[in-house]
Each structure stands twice: as C-alpha cells, then as structure tokens.
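Number of protein chains: 2
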Amino acid sequence: MKFPELYVENPKKHENKRVVIERDGKIIKFLDENEDYKGDGKVLYKIIYDDFPNYILMNELLSDILLYYEVGGAKQIIYLKKGTKLLEIMAEGYKVYPIVDFGCRILENHRLAAIQTGKGEIRFVNTPVTGLVIFLEEIPTKSGRENYKFYILPDKEIEV
Amino acid sequence: MKFPELYVENPKKHENKRVVIERDGKIIKFLDENEDYKGDGKVLYKIIYDDFPNYILMNELLSDILLYYEVGGAKQIIYLKKGTKLLEIMAEGYKVYPIVDFGCRILENHRLAAIQTGKGEIRFVNTPVTGLVIFLEEIPTKSGRENYKFYILPDKEIEV
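Chains as they are written, first to last, in the working numbering: chain B, 1 to 160; chain Z, 1001 to 1160.
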C-alpha cells in the first residue's frame, strides 16, 4: 500500500516539500526543493501522512490540507480548506477488516468495514452519508481489540 | 448526482473553460474565462463529460485528460496522460445496479455492480485489479437489457 503525500498550512514540523495554493485553489503549484517563492499564495508543507489527526479537532480541519497521490500514471489531488467538517466513524471489534480506503467515494449505506466479534460473528459498519474517504486511522488499544476511525467528507455539509 | 468537469487536449469541440498543465503536472492552473495565456504549458479544454469515450481507443487514452470534481467543500483533481492504459469492464443484464462510481478507489475483487438476471437471480461483477474508477458509461441497447462499462485505472500497469 502506497500512501498519499499530505501537505498542511502552518505545520508544527515538516519536510522540505511544498505546494502553493493561489487564487482560492484555481492554481496549484508543487515547488521544487530549493525553489524560491515570492507570490502571495498559501504555502502548504509536506508532513508525515500519519500525522493527519493532529490537524482535526471536533470534526473540523484546523488548517488547509492537500492530499497528493500518484499511482498507475495518474496524479490525484484533493484540496480541503480549514474549517471543513468531516464525519468520523469508528469500527471496533475483535478483528476489523476495512473495506474502503483513502480516496474512495462511498454511497450512503455502503460498507466501510467488516467486523468479527469475539464469538466469530461477522457484522458490518456502514456509512450514513454519501461522500469521500479522506483518511483511515488505526487506533492502538490496550485490550488487543482492533479499532479504526474513518474520516469522511460528506457531499452535503453536516448539520450540527 | 453531480458530474465532474472533464478537460482534454485538442478536443474536436469544446466550451470556454480551460486548464493549463505546466512542468509535467507540477503546476495546474484553471484559467478565467477571458484570461490570456502565453506560457508553454499544455492547454486542456472543457468538454461534455459524456464525451469521455471519444478520447479512448483500444484501452488507451488519445489525449491528456483532467477531471475536476468539487463537492462538499473539497476540490478533487485527477490528471492522466495520453497513452495511459485503462481497463474496461462490462456489466450487462436484465437490470444492472452500479455499486461504484467515478473517483472510487477499488480493491481487487471488490464489487463493481449487481446484476439481476431475467429469472430474478442476483449476480455480481467484480474488479480483477486494484485501481481507480475513472468513468462509468451507460451503453444503450436495443434489447432493453442494461449495459454499463467501467473504465478503471489499475495501480499496476496492464501487461498486454
């Protein structure tokens, strides 16, 4: 499994790679390592992919983020603004088998994961909304049970 | 269902909207309607989404294409170069219910569609490869049966 590159605005720590967002996302520029940038666009820095959950609080993104994924000859970019609301869905059980992953568009009631209970029964976790899977987090537990959190961008904004 | 915007190089007919690809995809610029462009990047023009199949022959893209999808506050871009090979999978039956759609990442053996036969039996069409669904075409038939074609970008290039 190859991971996407994750870029965020104002990270605590970051790598050298940068991407610039100009004109509200109409222009996206990946800078070369030592390239000088003097424009007035937003500069996003590459961070470790697994640090994604540090940039979300109470379901809301704390920074602009950009995900970049290059596979099979395609370049795939997803750009989300600070304040965007994501839906977080947990899947927990004796064994958890995620069915969808980063970048997957899901339709209402699609299966996100299969769960095996301690008694060997199989259950499914479904999505209540149509949207896009942004991130999949594996959360360590002391009990030895498995725990995954799906971060989903709903097509329709969540009403609170 | 909202459709992505589809941009291609050298289209037969096109709308006013344009996107420019510079430095092999490192810079992506959506131009304003009357904006002048003098750079040496590739200019891709917006065409009707349903015309996608006109730009593929023998499983190979005839032009560079860019898909742009804006939903739920996210901007999603997929850029594919001329010559990229796509896998085409048919789903045909008395009734066909597509399960995945444009932009969905699929894992090997995932279900693409459910098919109902004339006798009312349900069968599934699965994907033989892990990849990304690029386009879903509904093909009219004279027989009244339903016919869909899935265009899939495999993570690993197809060997012919």
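C-beta: ideal position from N, C-alpha, C; glycine also.
Does the CB of residue i have a neighbour CB from chain Z at under 8 Å?
{"i": "B/ARG105", "result": "yes"}
{"i": "B/GLU184", "result": "Nothing can be reported for residue 184 of chain B: it is not among the residues displayed for chain B, which extend from 1 to 160."}
{"i": "B/LYS75", "result": "yes"}
{"i": "B/VAL43", "result": "no"}
{"i": "B/PRO11", "result": "no"}
{"i": "B/LYS17", "result": "no"}
{"i": "B/TYR7", "result": "no"}
{"i": "B/ASP155", "result": "yes"}
I'd like the span of the beta strand (DSSP E) that includes residue i, first residue to last.
{"i": "B/GLY93", "result": "87-93"}
{"i": "Z/ILE1122", "result": "1122-1126"}
{"i": "Z/LEU1107", "result": "Element bounds for Z/LEU1107: n/a, residue is neither H nor E."}
{"i": "Z/LYS1002", "result": "Z/LYS1002 -> no beta strand (DSSP E), and no H or E assigned at all."}
{"i": "B/GLY131", "result": "131-138"}
{"i": "Z/VAL1071", "result": "1065-1071"}
{"i": "Z/ASN1147", "result": "1146-1154"}
{"i": "Z/TYR1045", "result": "1042-1047"}
{"i": "Z/TYR1079", "result": "1074-1080"}
{"i": "Z/ILE1027", "result": "1027-1030"}
Does any CB atom of chain B fall closer than 8 Å to the CB of residue i?
{"i": "Z/TYR1151", "result": "no"}
{"i": "Z/THR1084", "result": "yes"}
{"i": "Z/PHE1030", "result": "yes"}
{"i": "Z/ILE1048", "result": "no"}
{"i": "Z/PRO1053", "result": "no"}
{"i": "Z/PRO1004", "result": "no"}
{"i": "Z/GLY1072", "result": "yes"}
{"i": "Z/LYS1026", "result": "yes"}
{"i": "Z/LEU1132", "result": "yes"}
{"i": "Z/ASP1064", "result": "no"}
{"i": "Z/ASP1101", "result": "yes"}
{"i": "Z/TYR1079", "result": "yes"}
According to DSSP, is residue i part of a helix, a strand, or is it coil?
{"i": "B/PRO53", "result": "helix"}
{"i": "B/ARG18", "result": "strand"}
Based on Cα-Cα distance, which residue from the options lies nearest to residue i?
{"i": "Z/GLY1072", "options": "B/LEU80, B/GLY73, B/ASN59, B/LYS75", "result": "B/LEU80"}
{"i": "B/ILE153", "options": "B/GLU9, B/LYS46, B/ASN109, B/ASN59", "result": "Correcting the residue identity first, residue 153 of chain B is Leu in this sequence and not Ile. Looking at the Cα atoms, B/ASN59 is the closest of the given residues."}
{"i": "B/ASP64", "options": "B/ALA113, B/LEU132, B/VAL129, B/LEU44", "result": "B/LEU44"}
{"i": "B/ARG105", "options": "Z/ARG1123, Z/GLU1121, Z/VAL1100", "result": "Z/VAL1100"}
{"i": "B/TYR68", "options": "B/VAL96, B/ILE89, B/GLY39, B/PHE102", "result": "B/PHE102"}
{"i": "Z/GLY1118", "options": "Z/ILE1077, Z/ASN1109, Z/SER1143, Z/PRO1128", "result": "Z/SER1143"}
{"i": "Z/ILE1028", "options": "Z/GLY1083, Z/GLU1005, Z/VAL1020", "result": "Z/VAL1020"}
{"i": "Z/TYR1148", "options": "Z/GLY1093, Z/LEU1132, Z/ILE1122", "result": "Z/GLY1093"}
{"i": "Z/PHE1030", "options": "Z/THR1084, Z/LEU1006, Z/GLY1083", "result": "Z/LEU1006"}
{"i": "B/LEU66", "options": "B/ILE115, B/THR141, B/ASN10", "result": "B/ASN10"}
{"i": "B/GLU157", "options": "B/ARG18, B/LEU87, B/HIS14, B/VAL96", "result": "B/LEU87"}
{"i": "Z/TYR1049", "options": "Z/PHE1003, Z/LYS1017, Z/ALA1114", "result": "Z/PHE1003"}
{"i": "B/LYS13", "options": "B/GLN116, B/TYR55, B/ASN109", "result": "B/TYR55"}
{"i": "Z/THR1084", "options": "Z/GLN1116, Z/LEU1132, Z/LYS1075", "result": "Z/LEU1132"}
{"i": "B/LYS95", "options": "B/ASN109, B/ALA114, B/HIS110", "result": "B/ALA114"}
{"i": "B/PRO98", "options": "B/ASN109, B/ILE78, B/GLU138", "result": "B/GLU138"}
{"i": "B/LYS46", "options": "B/LYS17, B/ARG111, B/GLU33, B/ALA91", "result": "B/LYS17"}
{"i": "Z/GLU1146", "options": "Z/ARG1111, Z/ASN1109, Z/LEU1112, Z/MET1090", "result": "Z/MET1090"}
{"i": "Z/GLU1108", "options": "Z/GLN1116, Z/VAL1125, Z/GLY1120", "result": "Z/VAL1125"}
{"i": "B/LEU62", "options": "B/ALA74, B/GLU70, B/VAL8, B/ILE77", "result": "B/VAL8"}
{"i": "B/THR130", "options": "B/GLN116, B/HIS110, B/GLY120", "result": "B/HIS110"}
Would you say residue i faces chain C, with C-beta separation under 8 Å as the test?
{"i": "Z/VAL1096", "result": "Absent from the structure: chain C. Protein chains present are B and Z."}
So, is residue i buried or exposed, given that buried needs 16 or more other C-beta atoms within 10 angstroms?
{"i": "B/GLY25", "result": "buried"}
{"i": "Z/PHE1135", "result": "buried"}
{"i": "B/ARG23", "result": "exposed"}
{"i": "B/LEU57", "result": "exposed"}
{"i": "Z/THR1127", "result": "buried"}
{"i": "Z/TYR1037", "result": "exposed"}
{"i": "Z/PHE1052", "result": "buried"}
{"i": "B/ASP40", "result": "exposed"}
{"i": "Z/TYR1151", "result": "buried"}
{"i": "Z/PRO1140", "result": "exposed"}
{"i": "B/ILE234", "result": "No answer is possible for residue 234 of chain B: it lies beyond the span of chain B, which begins at 1 and ends at 160."}
{"i": "B/ASP155", "result": "buried"}
Between residue i and the ligand SAM, is the CB less than 7 Å from at least one heavy atom?
{"i": "Z/ILE1139", "result": "Although the ligand SAM was asked about, the structure shown includes no ligands whatsoever."}
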